[in-house]
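The structure under discussion appears below in the form of structure tokens.
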Amino acid sequence: MSTYRNQHVRDAVREINRRVTNPVMMALAGRRHWYASVIRHTGRNSGRQYQTPVVAITVPGKVLVPLPYGAGVDWLRNVVAAGSATVMTKGCTVEVARPRVVDAATAEPQLPARWRWILHAANVDSYLEAALN
-18 MSTYRNQHVR
-8 DAVREINRRV
2 TNPVMMALAG
12 RRHWYASVIR
22 HTGRNSGRQY
32 QTPVVAITVP
42 GKVLVPLPYG
52 AGVDWLRNVV
62 AAGSATVMTK
72 GCTVEVARPR
82 VVDAATAEPQ
92 LPARWRWILH
102 AANVDSYLEA
112 ALN
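In this note's numbering, the protein residues as written are -18 to 114.
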């Protein structure tokens, strides 16, 4: 029963973020002194260009993006289908390729200690990993 309830809470939070928080976050995401980034991706069916606020953590040779809502979110499915995306983070724009979903055991050792602690405490269990081009 608790898993069912937790899923409903997570879905409700995701919907609030999509409708309210994300549009506000887009005004700041990707800026030099802000924690949030923007991932630009192409719709896998529509071909339309989208921008989504995310947390993108740059580590040597790649970018890791925590997936607090799991691997079924549309923006992630778009990025994986396209095989590439553009990430704006810390005032820089980088191209990423070869996206794949990895588990926390794979991603967390690569993270800076601060992020590792925060994301582990938040029970993030999967990440997008993409190579820097």
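In this text, a Cβ means the ideal position worked out from N, Cα and C, and glycines have one as well.
In this text the structure is predicted, and so the values were computed from the model without any measurement.
Burial state of Ser27 is exposed, judged by a 10 Å Cβ sphere holding fewer than 16 other Cβ atoms. Counted as a single uninterrupted DSSP element, the beta strand (DSSP E) harbouring Ala112 occupies residues Ser107 to Leu113. Looking at the backbone, the Cα of Asn114 and that of Val75 are separated by about 7 Å. Sixteen is the threshold: when 16 or more other Cβ atoms of the shown chains lie within 10 Å of the Cβ of Ala111, as they do, the residue is buried. For the pair of segments examined, the segment 55 to 73 was found to touch the segment 30 to 47: the number of CB pairs separated by less than 8 Å reaches three. In summary, Tyr16 is exposed, with fewer than 16 beta-carbon neighbours lying within 10 Å of its beta-carbon over all protein chains present. A Cβ-Cβ separation of about 10 Å leaves Thr67 out of contact with Ser18 under the 8 Å criterion.
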